[in-house]
Amino acid sequence: MLTIAMLAALGHHDELKLHIRATQNTGVTQDEVKEILLKAAVYAGVPTANAAFKHALKAYSADGEGGHAMTESSVPYRHERAGTHPPYLHAAYGSTVKRAPSRAPLPLAQTLSETTGPGANGWSWVGAEMADLTRQHKGTPIGERMIVAGRVLDEDGRPVPNTLLEIWQCNAAGRYIHPNDHHDAPLDPNFTGAGRMVCNERGAYRFLTVKPGAYPWRNTKNAWRPAHIHFSVFGPAFATRLITQMYFPGDPLLAIDPIFQSTPDADARASLVAAYDPELSEPEWALGYRWDIVLRGRAATPVQTDAEH
Amino acid sequence: MPVRTTTASQTIGPFFHDGLDHPAWSDLTAGGALGQKIRIEGRVLDGDGQPIGDAMIEIWQANAAGRYDHPEDSQAKPLDPNFRGFGRVGTAKDGFYRFTTIRPGPVPGRGNAMQAPHINVTIFARGLLKRLVTRVYFADEPANAADPVLGTIEDPSLRRTLMAEASVAKSGSLPIYRFDIVLQGKGETVFFDV
Ligand SMILES: [Fe+2]
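Heads up: the sequence lines are chains Z and U, in that order.
So the first sequence is residues 0 to 308, counted in numbering that gives the first Met the number 0.
So the second sequence is residues 0 to 193, counted in numbering that gives the first Met the number 0.
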């Protein structure tokens, strides 16, 4: 799909036709191609995109039996908007250099394999106590007690109900309990740093924990990670799976952290930073940070089809 | 047009094990799933061919009849109450991982196409700012010839990276399918943009 957008932007219309024909074999819908070309319009200017559109229509009409390839039984999730996620190769983050694939991932038109996903029948083993990271041991962990709460939404602002969130973090001193963490900071016998919960039907979640510390890492000399909590979220489908990190407002390390800075789009970066929320704070008890998580939405509203069922 | 920007992906980092790794989740058959029980195993390697000992792999698959345990799969095929279809495992120091599961049935593709039996795979690791997605197909599966996704990959050496090869199992043990995941360079796995 990226190829289509690129070719459209560059005005390579003959190649474009070939690629659009190829997408028909993989079942990419006409609407998806349209959406890509609209995106191209944003980057390449409207006249270029209009020309690309004409060629796209020709490619479709040239294919006598293209009709059934374009019918669909499940509505795909939207593709990422340019710049809103990090690239695989980001040299400033050294570990990407030998781990980023050399080829761009191959576009795959979503099927039932991608629009279904784990957890639809509940995560019944997840108990309410798992959302409280401050009561997993005999004593109370050291650090600033904090509530982190928010909602899991899709791109259209609709709640993503009943999905599993898993979080993990270092302690207030910046140390993970992990055997490979050799940072010379104390472990806290009262803190493991792992929590889980299933958000409610309105997508709302809430954890109680302590604020994690910053910690050094070996990416460059004297490099420190800004304080963060790792979040893992499923969403409704294989296509919506996300692992990310939540950061804290006003952290001076954000401006120089290559992991945070790897996302090109400034708004997308800012959305990784929680907001201090006085309403969420509880007097004499805990500071409140609010952070919403936005997962991919549908390319169109799902419709019931009676085809082959 | 969408009204919100999706939350950007960030790396899983090296320290996820206490939060995410449940060794029991590597066996999808623990509840007594129906179908042919198999092992999927292999190593995760970097661009120098070095093992990646801090990756996490998740799989998602249909049951033996070819049905996903999800409300959007409304095919007239039986659900298996003892098979959820989801697994997760962290790689060992030598990059090795292993799942015990069942061989999935075929599932529909787009339009009227049928997809060959496959397992959907996600890879997270330190150094991966976002997940990688690939698919395990079975090298000994005749339906591969008509699979619409494999059909988009002309180069046989690339197709081969998606094929789990049956290796000779000791008598009495489960059939073993070998599936190495090479993130970069020689033998680089085909990854998908889903
Ligand atoms: Fe971390």
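Beta carbons: idealized from backbone N, C-alpha and C, even for Gly.
Contact annotation for R201/Z against chain U: no contact, minimum CB-CB distance about 16 Å [criterion: below 8 Å]. When DSSP reads this structure, T208/Z sits in a beta bridge with M145/Z. In summary, the residues of the region 186-212 of chain Z whose CB is separated from some CB of chain U by less than 9 Å are T191, G192, A193, G194, R195, in the order they occur in the chain. Straight through space, the alpha carbons of A165/U and A144/U are spaced by roughly 18 Å. Between A90/Z and chain U, the shortest Cβ-Cβ separation is not below 9 Å. Taking 8 Å as the upper bound on Cβ-Cβ separation, chain Z lies near residues Y67, D68, H69, P70, E71, D72, S73, Q74, A75, R83, G84, F85 of the region 67-87 of chain U. The continuous alpha helix (DSSP H) containing S112/Z extends over residues 111-114. Shown here, F233/Z sits in coil according to DSSP, grouped into three states, outside any helix or strand. With a threshold of 8 Å, the Cβ atom of Y246/Z does not count as near ligand 1, since no heavy atom of the ligand is closer than that.
Residue pairing from DSSP places G41/U in a beta bridge opposite Y96/U.
For I11/U, the closest C-alpha among the options L182/U, A54/U, D192/U is that of A54/U.
Taking a Cβ-Cβ cut-off of 7 Å, the neighbours of G296/Z in chain U comprise P1, given in sequence order.
According to DSSP, residue pairing for T133/U in a beta bridge involves V120/U. Taking all protein chains in view, the Cβ of P225/Z is crowded by 16 or more other Cβ atoms within 10 Å, so the residue is classified as buried. Put simply, the backbone Cα of K137/Z is about 23 Å away from that of H21/U. Taken through DSSP and simplified to helix, strand or coil, M129/Z comes out as helix.
DSSP lists H229/Z as the bridge partner or partners of Q244/Z. For S156/U, the uninterrupted alpha helix (DSSP H) segment begins and ends at 155-159.
Taking one beta carbon from each stretch, the region 64-71 of chain U and the region 13-29 of chain U have fewer than 3 pairs nearer than 8 Å; the two do not touch. Annotation for G194/Z: the continuous beta strand (DSSP E) segment containing it runs 193-197. Taking all protein chains shown into account, N221/Z has fewer than 16 neighbouring C-beta atoms within 10 Å of its C-beta and is therefore exposed. Residue contact with chain Z for N62/U: absent (no Cβ-Cβ distance below 9 Å to any residue of chain Z). Taking 8 Å as the upper bound for CB-CB distance, P158/Z and T114/Z are not in contact here, some 19 Å apart. Counting the other Cβ atoms within 10 Å of the Cβ of P85/Z gives 16 or more, which makes it buried.
With a threshold of 16 other beta carbon atoms within 10 Å, M145/Z meets it and is buried.
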